[in-house]
Structures are given as structure tokens and as C-alpha cells.
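For the sequence shown, the residue numbers in this note's numbering are 48 to 360. Even glycine gets a Cβ: it sits at the ideal position worked out from N, Cα and C. Remember, predicted model here, so these are calculated numbers, not experimental data. Notes to accompany the following structure.
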Amino acid sequence: MNEIDLRRIDLNLLPVFEVLMEERHVSRAAARLGRTQSAVSHALERLRKQLGDPLLVRIDGAMRPSPFALHLMTELRPVLRSVQRVLAPREVFDPATSERRFRLVLPDFWHGAVAAFLAKASREAPGVSLEWFAPRDSSLLDLLAAHVDLVVAPTGMGLVEGIRSMPIGALSWQSFMRTGHPALRNWGRKAWLRHPHVVVMVGDRMQSPVQAAGAMALERRVGAYVPNFSAVAPLLARTDMIATLPTLAIGESAQHYGLMAKPPPLVIPPIAHSLFWSTQHGNEPALKWLRHALEPMLAIRQCATAQLPIPEH
């Protein structure tokens with residue numbers, strides 16, 4: 048069986064040929080295609096030369112197809128329909144009728160952003176639901192495997208092929224303790240080290256930025272390891288423990304539990320965070336809607352300014 052070199056064929060001519068075969072008239076075909084009559088005639092002539100067949104011949108004032116043209120049309124029509132289906136616009140995501148369950152990974156102190164998103168969803172996408180997972184070391188691999196849809200994590204974690212990201216700001220750090228805490232009388236290195244600390248266990252093996260800040264952090268005594276940030280404020284309110292955390296992690300709990308904030312007596316650089324998504328699935332209409340809805344709510348500068356003021360001693 049002889050094979051034709053497709054590189055020699057202008058495939059853009061095939062839809063023109065299909066309309067010509069249906070109309071058997073150049074001017075009517077031109078009207079359907081939105082082209083001039085001369086452009087359609089020129090396209091037919093080019094296709095004749097490329098295929099080596101007259102295709103449509105004028106006989107007695109009408110255009111008659113050659114046997115090859117009839118055979119070609121029989122084989123070509125299902126191929127063109129298949130190409131149309133493949134290239135058709137993807138299904139539009141309609142928030143108002145969707146029952147999609149989105150899966151999101153982010154620390155528990157972003158509860159304000161999640162609440163804002165769910166409030167928005169209740170108005171615009173009442174059938175949508177959300178699964179909220181705690182971060183772990185494999186969160187970006189879960190994203191690649193499509194086990195989750197979006198991940199909020201430190202920007203430095205994003206060195207994974209197939210992942211895209213958008214910066215949302217950097218977390219600043221403070222040391223928190225109850226009002227009247229003895230360390231407030233002479234705040235500094237010795238006071239910070241004298242009292243037990245609360246540490247939040249994030250991820251499977253993630254090193255705390257406080258621990259990475261230097262030898263001084265290694266000297267502190269840990270009084271409690273807790274599984275999430277929401278457990279910190281109640282512990283601080285009833286003990287002489289200290290917690291050195293991102294400011295955002297305490298948020299409105301500071302005023303509710305009567306906590307005070309002091310600059311840590313060691314240098315902890317702000318931790319840049321980003322919103323991550325899969326390159327493979329990120330253009331799905333539903334995930335684009337989710338990302339665009341969450342981006343402004345997750346912005347650290349917005350969340351930080353929304354916090355209640357934390358009193359300084």
C-alpha cells in the first residue's frame with residue numbers, strides 16, 4: 048500500500064473540501080465558510096495538485112465528484128469529526144451546579160482563609176465541598192499524583208518537576224506568652240531559655256525554622272509537643288510556656304486568650320510561602336476556579352492585616 052507524505056499536504060484544505068462536497072457549488076461553499084469565492088477556488092486547486100486528482104469537475108454546469116473524491120469523503124468525514132471532538136473546548140465548570148469535592152493542603156492556622164472560601168462557596172457554589180489536609184513531607188508528591196488539588200507550603204519545597212506555584216507572602220515570627228508571664232519583666236535570651244516551650248509538629252520530618260535558627264534554639268526546653276497550631280493558645284493561657292510561631296498562627300486567639308507578643312531573641316528570617324498546583328491538571332476549569340477563588344484569601348499580607356492587634360508589654 049502506497050503511503051502519502053502528510054508533510055506535503057495542507058490539512059487546512061480538508062474542511063474546505065468537505066463543504067465543497069456537500070454544496071457542490073463554489074459560491075455556496077464560500078458563503079458557508081465565510082471566505083471569498085476566489086479563495087475557495089484557489090483552495091480546491093491547491094488540493095487537486097497535492098492529491099493528484101481532479102476531485103470536483105464541472106460537468107453540465109454542476110460540480111461532479113471523482114471516484115477518489117467520493118472515497119476520500121467517506122474516509123475523511125469521521126476523521127474530521129474526531130478531530131473536532133478532541134479539540135472542542137473543555138467542559139465548562141459551573142460553580143452553581145457543581146458537586147465537586149476539592150482537596151486542599153495547608154496549615155491549620157489558615158482557618159480564616161478556609162472560612163472565607165466556604166462563605167463564598169455557599170453563595171456561588173453551594174454544592175461544592177472541601178477536604179482539608181495537614182501538610183506533610185510528601186504533599187507535593189500527592190499533588191503530582193492528583194491525590195490533592197492545591198498545596199500551601201514554604202516556597203523552598205517547590206523544587207519538583209511538574210509543579211507550578213504562586214508566591215503568597217512570607218510568615219514573620221514572634222514569641223507568645225500569657226499576660227503577666229514572668230519572662231516579660233526582663234525579656235531577652237535568658238528569659239526565653241528559662242521557661243518551657245510549646246512546639247507544633249508540622250509534617251513528618253520537617254525541621255522547625257526556630258530549630259534551624261541556631262545553637263540557642265537547641266538549648267531551649269520543650270514542655271509540650273502539640274499536633275496543630277490551634278492547640279497552642281489555650282496552653283499558653285494557663286501555663287508559663289512560650290511559643291515562638293508565625294504571627295499568623297496565633298491570629299485572633301491572641302486577644303481571646305489574653306496573650307502577649309515579643310520579638311524572638313534569635314534571628315528567624317521570614318518564611319516565604321507559595322500556593323502550589325500540578326502543571327498537568329492545573330488548567331482544568333474547576334481547579335482554575337478554585338485557585339482564583341483562594342488566591343486573595345490566602346495572601347499573607349491580607350490575612351496578617353486582618354488580625355486583631357496583639358499588645359506589647
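Which residue marks the beginning of the alpha helix (DSSP H) containing residue i, and which one marks its end?
| i | result |
| --- | --- |
| S169 | H158 to E171 |
| P201 | Looking at the DSSP string, P201 is not in any alpha helix (DSSP H); the run it does join, the beta strand (DSSP E), is L197 to P201. |
| W239 | R236 to R241 |
| E70 | L60 to E70 |
| D85 | The question names Asp, yet the displayed sequence has Ser at residue 85. Unbroken alpha helix (DSSP H) run through S85: Q84 to L98. |
| P142 | Looking at the DSSP string, P142 is not in any alpha helix (DSSP H), and its letter there is neither H nor E. |
| S186 | S186 to L191 |
| P281 | V279 to R285 |
Quick one: what does DSSP say residue i is sitting in, helix, strand or coil?
| i | result |
| --- | --- |
| G270 | strand |
| P311 | coil |
| E208 | coil |
| F223 | strand |
| S325 | strand |
| A78 | helix |
| N233 | helix |
| D57 | coil |
| E342 | helix |
| Q354 | Because the pLDDT of Q354 is 40, which lies under 50, any placement of that residue in the model is unreliable, and the number read from its coordinates should be weighed accordingly. Correct three-state label for Q354: coil. |
| T121 | helix |
| P332 | helix |
| S255 | coil |
Go ahead and label residue i buried or exposed: buried means 16 or more other beta carbons lie within 10 angstroms of its beta carbon, across all protein chains shown.
| i | result |
| --- | --- |
| H194 | exposed |
| I106 | exposed |
| A90 | buried |
| S74 | exposed |
| T352 | Only weak support is given to the placement of T352: the predicted model assigns it a pLDDT of 37, under 50, and the value that follows is read from those uncertain coordinates. That one is exposed. |
| N59 | exposed |
| G298 | buried |
| L134 | exposed |
| L153 | buried |
| D141 | exposed |
| F115 | exposed |
| M204 | buried |
| M248 | exposed |
| H244 | buried |
So who's on the other strand from residue i, going by DSSP bridges?
| i | result |
| --- | --- |
| G216 | H320 |
| P112 | L103 |
| W179 | L151 |
| L306 | R225 |
Going by DSSP, what residue range makes up the beta strand (DSSP E) through residue i?
| i | result |
| --- | --- |
| A290 | A290 to P293 |
| V246 | H244 to V247 |
Looking at chain B, is there any beta carbon in it that lies within less than 9 Å of the beta carbon of residue i?
| i | result |
| --- | --- |
| P310 | Any reference to chain B falls outside this structure, which holds one protein chain only. |
From this set, the options, which residue's C-alpha is nearest residue i's C-alpha?
| i | options | result |
| --- | --- | --- |
| G108 | L127, S85, R71 and L322 | R71 |
| G216 | E342, M68, P62 and R55 | E342 |
| D57 | W157, E92, M263 and L265 | E92 |
| V139 | L345, M344, H339 and E331 | E331 |
| L127 | F64, V245, A192 and I289 | F64 |
| P201 | S186, E208, L191 and A192 | S186 |
| P310 | A290, R54 and R338 | A290 |
| V314 | D155, S219 and A78 | S219 |
| F323 | T121, P182 and A280 | P182 |
| A319 | L197, G99 and P214 | P214 |
| R147 | I347, L337 and L345 | L337 |
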